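Protein chains in written order, with the working numbering: chain A, 1 to 324; chain B, 1001 to 1323.
Note that beta-carbon positions come from the ideal geometry of N, C-alpha and C, so glycine has one too.
Note that the structure is a prediction, hence the values are computed from the model and not measured.
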Amino acid sequence: MNVLFLGGFAASQVEWIAPAIASEVETGVVTDSDDGERIVAALGEADIIVSEAWRAGTPPAPRLKLLQLPVAGTDAVHTAALPPGVTVCNAYGHEMAMAEYAIMAMLVWCHRYVDIAAGFRGGSWRDSGVMNGPLHRELGGLTVGIVGLGQVGRETAIRAAALGCHVLGANRTIGEPPAGVAQLFPLAELDRMLPLCDVVALCVGLAPETRGLMDARRFGLMKRDALLINVGRGAVTDEDALFAALHDGVIGGAALDTWWRYPTVEEPDIRPSRHPFHELPNVIMTPHCSAWTEGMARRRGADAAANIDRFIRGDTPMHIVART
Amino acid sequence: MKALFLGNVAADTANGIRAELIPELQVDIIADPKELSPEIAGDADILVTNIWRGDYPPGPRIRLVQSVATGIEWIEQAALQRGVPVCNAYGHETAIAEYVVMVMLVWSHRFREIESDFRLHSSWRPSWVHSGAPHGEIRGSTLGIIGLGRVGQEVARRAAPFGCRVLAANRSPRPLGDGVERVYPLAALDEMLPLCDTVAICTAFGPETERLIDARRLSLMKRSAFLVNIARGAIIDEDALYVALRDGTIGGAAIDVWWQYPNAAEPERRPSRHAFHELPNIIMTPHCSGWTGGMVRRRWDEVAGNINRFVRGETLINVVTTT
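So, in structure tokens, the structure goes:
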């Protein structure tokens, strides 16, 4: 079997995936910097391709049977451009890292970590208990509403509950509440959940029903001191409305890891929004890295490799997202 | 009967708990100890404070010292009558345990550098979009808790669900539970230290724990290890920690408790004679890990309850020592 790692991102994942494949395979790597003939030849021989993307205009891959994504997100795969008879699978392992990030953001917010640490490094004891300084909050006892109870939302719920939070959830499909979740709302009834929450954590991917889900009206339903966390996708929140809500104190603050603008070759340090979120004191901002841990790379590499083995053995692979 | 609330923390406590106290109890509130008169000190049956010194006017009638803090080392016991019970107050466990988990996450996720570079320079380097170097996580890491008391147990209870392996070292044997996999005697601390990715000091200060973490023990820790101290500064050898952080003997530290504190003459006194604030691998906070609204509510309840017990002649809780 011939396994091809296609593109710069897949190439960066070879070290995590290739050693974990148990089956006899030949592996190759091509990226955009390789010459066209080499790319065409490699695609022509590939039985299995590891890549997070499939663009229209990719050279033919007549032997391709499995497109294994080394990521969870499927937005970069143009299924219509794939040859017929291909199974597309994604990979997991990012959910624990993202849950840790969400909890970290909640703790940092409640404990006013950024301000206190900066003040003290500068020499001020104003926030000290010894000086009878201003009190900060605890996360324990707060109500955390998780929008999207997929793998990330469920891992976040378990940890928030362990920290003594009252955990609510909103999800498209409703069943038994998962571990740690006290009450589950249908996504259509999100408006009932929002006013109850001290923290709202967006753990949903981008889909027609989640695009622009959090708009000016819904920010208005939230508590004025609530924290919004977005580890899902930037476009789940309305960019203008969120900036205004944070700027005007409609909500208390936000921890944002996913954005509306991403860097390009021309603009590697592009600002992540057309609004100056970086000038707001009530924003925690990170460059889409909540999942980006060594543990994630190891788990996801093992997950992708196990799927490749399953496919080679003739078993049905896991995490099928499309079939052509 | 009279209760004297002395110092600014005790003054806030008095205002917060007054409605809960037995009505017959008279209350004096002196926020600034410099203003304590011999009459008021001489009249007090109950002293509620976090500080008492030998140069204060004497309090010959004091029969109960109720601390408004957990640590009582600023209460000079020799300056009180003999045989007086000294009680402390807790209620800070939740806040401190959250702080420990927070700094573990902040450290492993490299939150400080990533957040600040993104805010200031819009640097996407740590992101997957630039295939940046991944950061860490606490899942799968080993946490060693020194002192499995109220705070240590709450830390264990919160860290275990993150997938941390939790070890502990304690003076007296403790039952396992709350996620703790093994408890070492404090005398066997040297066996535990090399196993830990994070070492969290949650023990009380005393002769057995003064300078417990010295140069030798720092060198037993992993080179990547992260040391958290929320207990008392003097449990760590000040010089040894500075050198260990500067020279990379350990990976980093989060320090909330210090060797030097501010005073009226030096309100912005640096917390150590060493320039910890110039080191990149330290998270430093000004003794505030327990300083939350929840702590105050719980602590006020404990203080009010104990004062009322004393007035009614009932058995006290949280008796730490007798002068």
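- By the rule that beta-carbons nearer than 9 Å mark a contact, D1012/B touches chain A.
- Contiguous alpha helix (DSSP H) elements confined to the stretch 117 to 172 of chain A occur at 151 to 162, taking only those with 4 or more residues.
- G1233/B has its alpha-carbon roughly 13 Å from the corresponding atom of C1288/B.
- In the three-state DSSP reduction, E26/A falls in the strand class (E or B).
- Within chain A, the C-beta atoms nearer than 7 Å to that of S1127/B come from P287, H288, C289 and W292, in chain order.
- The beta-bridge partner set that DSSP reports for V1048/B consists of F1005/B and Q1066/B.
- Around the beta carbon of T1321/B, fewer than 16 other beta carbons sit within 10 angstroms, so the residue counts as exposed.
- Spatial neighbours of V1303/B in its own chain (CB-CB distance under 7 Å, excluding positions within 5 residues in sequence) are listed in chain order as T1013, I1017, V1048, Q1066, V1068 and A1089.
- At least one CB of chain B lies nearer than 9 Å to the CB of Y101/A.
- Close to R1270/B, with beta-carbon spacing below 8 Å, are these residues of chain A in chain order: G123.
- Every beta strand (DSSP E) stretch that sits fully inside the stretch 26 to 103 of chain A and reaches 3 residues is listed by chain position as 26 to 30, 48 to 50, 66 to 68 and 87 to 89.
- Separation of A1275/B and D1237/B (C-alpha to C-alpha, rounded to the nearest whole angstrom) is 15 Å.
- One thing to note: V1199/B has its Cβ within 9 Å of the Cβ of A1225/B.
- Counting along the chain, D1028/B sits inside no alpha helix (DSSP H); it lies in the beta strand (DSSP E) bounded by residues Q1026 to I1030.
- In the same chain as R1211/B, and ignoring 5 residues on each side of it, the C-beta atoms closer than 6 Å to its own belong to D1237, in chain order.
- Under a criterion of Cβ atoms nearer than 7 Å, no residue of chain B is adjacent to L82/A; the nearest Cβ is some 23 Å distant.
- Chain-ordered, the chain B residues with CB closer than 7 Å to the CB of A297/A read P1134.
- For the stretch 126 to 148 of chain A, the set of residues with a beta-carbon nearer than 9 Å to any beta-carbon of chain B comprises R126, D127, S128, G129, V130, M131, N132, G133, P134, L135, H136, R137, E138, L139, G140 and G141, in chain order.
- Judged by their CB atoms, V108/A and M1102/B are nearer to each other than the 9 Å cut-off.
- For Q183/A, no alpha helix (DSSP H) segment is defined; the enclosing uninterrupted segment is the beta strand (DSSP E) at Q183 to P186.
- Ranked by how close their Cα comes to the Cα of G253/A, the residues K65/A, M96/A, D47/A and A105/A have A105/A in first place.
- Between V1155/B and C1202/B, the C-beta spacing is below 9 Å.
- Look at I1114/B: its C-beta is under 9 Å from a C-beta on chain A.
- Contact between L202/A and M214/A holds: CB atoms are separated by about 7 Å, below the 8 Å threshold.
- Annotation for R1182/B: no alpha helix (DSSP H) segment contains it, though the beta strand (DSSP E) segment containing it runs V1180 to P1185.
- For L163/A, the C-beta contacts it makes with chain B under 8 Å involve E1098, V1101 and R1158, in order along the chain.
- In the pairwise beta carbon analysis, the stretch 289 to 297 of chain A is classified as not touching the stretch 49 to 67 of chain A: fewer than three pairs are separated by under 8 Å.
- For I312/A, no beta strand (DSSP E) segment is defined; the enclosing uninterrupted segment is the alpha helix (DSSP H) at E294 to R313.
- Going by C-alpha positions, G232/A is about 7 Å away from T258/A.
- A residue is called buried once 16 or more other Cβ atoms fall within 10 Å of its Cβ, and T143/A is buried on that count.
- For the C-beta of P1023/B, not a single chain A residue is nearer than 9 Å; the gap to the nearest is close to 27 Å.
- Short of 7 Å from the beta carbon of H247/A, and not among the five residues preceding or following it, lie these beta carbons of its own chain, in chain order: L280.
- Under the Cβ criterion (8 Å, minimum of three pairs), the stretch 112 to 124 of chain A does not count as touching the stretch 191 to 199 of chain A.
- S33/A is outside the set of residues whose beta carbon lies under 9 Å from a beta carbon in chain B.
- Excluding its 5 nearest sequence neighbours in each direction, L190/A has C-beta neighbours in its own chain below 6 Å: A170, listed in chain order.
- Interface criterion not met: the Cβ of C1202/B is under 9 Å from no Cβ in chain A.
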